[in-house]
Each structure stands twice: as structure tokens, then as C-alpha cells.
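Residue numbers (this note's numbering): 424 to 640.
Beta carbons: idealized from backbone N, C-alpha and C, even for Gly.
Just so it is clear, the structure is predicted and the values come from calculations on it, not from any experiment.
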Ligand SMILES: Cc1cc2nc3c(=O)[nH]c(=O)nc-3n(C[C@H](O)[C@H](O)[C@H](O)COP(=O)(O)O)c2cc1C
């Protein structure tokens, strides 16, 4: 048994707690910047596949704007738009939007659109679709998502933006047509939005939420 008075144990404990807290704070201070840089680099790397074949030289993540719902892009969640530049020239916009009518809920997707309205790439970021059925929208499971590369509302024309069994031009997934319908509808709506807001997407300032939603004349 120790004879240390209770107040002394309390002081000892307080000193140890203060020391540990300072250590955590110091570690955070030294690593926070590095962590942020790593996260930024990771995000840049994840966005690039949706910009295939495009020359750009700006860090994509620096030009992000967000649109709070309700907005005219697909989904009820916050929509994110990254503006992509070659020098000062805008070359594409990357949209992070949600296809609402997936089989098991919203599907978060990344849609890259070049200035002429053609798709530069589509990637599925998050979904809860069924393994073996709807999850073939993931590039690791099938090439289904690559069929949108280079397509626009003129090619195929807007009325043919649906799966083949609905009279459209796009491949479905065997035994799972709900998931493809949701994604195609969301891409088409994104292209329609870009067509109407091409100028305001690039004139909106970084902190200017929802200002990209005003239709261009
Ligand atoms: C347990 C279960 C999970 C399913 N998951 C999906 C899914 O993730 N995506 C999808 O489109 N359809 C899914 N389906 C199938 C749909 O109910 C529907 O039958 C199908 O999308 C219609 O496709 P089809 O027109 O090619 O027959 C699932 C069905 C069951 C029974």
C-alpha cells in the first residue's frame, strides 16, 4: 500500500494527463499538414481516371464548387463540381453526383465532361448494389462503365440515352436493369445541366455555393 496522500496522486495524474494531451497536440500539429497533402494527392489520383485523354495542368481539387440541394443536378445530396483547366482555359468539369434510383439506394458517381459536352469518364464512387448483379458498375468487376467514354447528348441523341431493352443505345447488365437505368439517367441529367450552365460553372467562385445553377443565356 502506498502512503501517498490523495491530493498528491491527483496532482501526479493531472501532470501525466497534461503531458499526454500535449504530446497528442504536438503530433497533430506536426502531421496535420502532411495528412492534408496526402488526402489531396489521393483525391487528385482518384479523379484523374474520369478525365481520360484530356490535357490539363491545374490541380483539380483547388477549383471545387459545391451545390446544396435542391439543385438541378441528379440526387438530393450536395453536388460537387471540380473545374479543370489547361492554363487559364477551361477544358472540362468533373461532377460528383448521386443517381437516386439505384436498386438499394443512391449511387455516388463521378462524371467528367469536356467543354464540347462529351463524357471523359464515369466512375462509381460509392454504392450498395447487390454483389454479382448491380455491382458490375464497378470498373474492378466489369467494363460496363467505360461505354460512356466519348458519348454526348448528340452521340447518341438524347432520346437514346437508355439501355437497349428500353430502346436505347447502352448495354444493360444481365438480370440487373434497375442499376444501369439509374446511372444512365443521372449521366444524361448531368450532361443536360452542363449544356445549360457551361458558362456559370466556370464563373462561379470557389466559395460561392449554388451560383453555378443560373442557366446561361
Ligand atoms: C436479392 C435481389 C437483389 C437484386 N439486386 C439488384 C441490383 O443490385 N440491381 C438491379 O438492377 N437489379 C437487382 N435485382 C433484380 C431486380 O429485382 C430486377 O429483377 C432486375 O433489375 C430486372 O432486370 P432485367 O430487366 O434484366 O430482368 C435484384 C433482385 C433480387 C431478388
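Give the straight-line distance between the Cα atoms of residue i and residue j, rounded to the nearest whole angstrom.
i, j, result
"residue 519", "residue 531", "7 Å"
"residue 579", "residue 573", "10 Å"
"residue 501", "residue 624", "15 Å"
"residue 441", "residue 528", "46 Å"
"residue 503", "residue 494", "11 Å"
"residue 428", "residue 460", "49 Å"
"residue 543", "residue 465", "20 Å"
"residue 471", "residue 590", "32 Å"
"residue 468", "residue 445", "34 Å"
"residue 627", "residue 581", "27 Å"
"residue 450", "residue 438", "18 Å"
"residue 436", "residue 456", "31 Å"
"residue 560", "residue 629", "31 Å"
"residue 538", "residue 483", "15 Å"
"residue 602", "residue 596", "8 Å"
"residue 605", "residue 533", "14 Å"
"residue 620", "residue 477", "21 Å"
"residue 452", "residue 486", "26 Å"
Is the Cβ-Cβ distance between residue i and residue j less than 7 Å?
i, j, result
"residue 609", "residue 492", "no"
"residue 540", "residue 618", "yes"
"residue 458", "residue 635", "no"
"residue 535", "residue 614", "no"
"residue 479", "residue 511", "no"
"residue 517", "residue 505", "yes"
"residue 525", "residue 549", "no"
Please go through the same chain and pick out, in chain order, the residues whose beta-carbon is closer than 7 Å to the beta-carbon of residue i, but skip the five residues on each side of it.
i, result
"residue 562", "546, 568"
"residue 607", "584, 585, 586, 593"
"residue 600", "586, 588"
"residue 509", "478, 479, 480"
"residue 570", "593, 594"
Between residue i and chain D, is there a C-beta pair that is closer than 7 Å?
i, result
"residue 579", "This model lacks chain D altogether; it includes just one protein chain."
Grab me the residues of residue i's own chain with a C-beta within less than 6 Å of its C-beta, minus the 5 sequence neighbours each way, in chain order.
i, result
"residue 523", "498, 529"
"residue 612", "497"
"residue 432", "none"
Using a Cβ-Cβ cut-off of 8 Å (strictly less than) and excluding sequence neighbours within five positions of residue i, which residues of its own chain qualify?
i, result
"residue 598", "556"
"residue 402", "The shown model of the chain, from 424 to 640, leaves out residue 402, and the question about it has no answer."
"residue 371", "Absent from the structure is residue 371, since the part of the chain shown begins at 424 and ends at 640."
(Q) Quick check on the DSSP output: what are the complete alpha helix (DSSP H) runs of length 4 or more inside the segment 489-547, in order along the chain? (A) none
Q: Quick one: which unbroken beta strand (DSSP E) runs of 3-plus residues sit fully inside the segment 568-601? Chain order, please.
A: none
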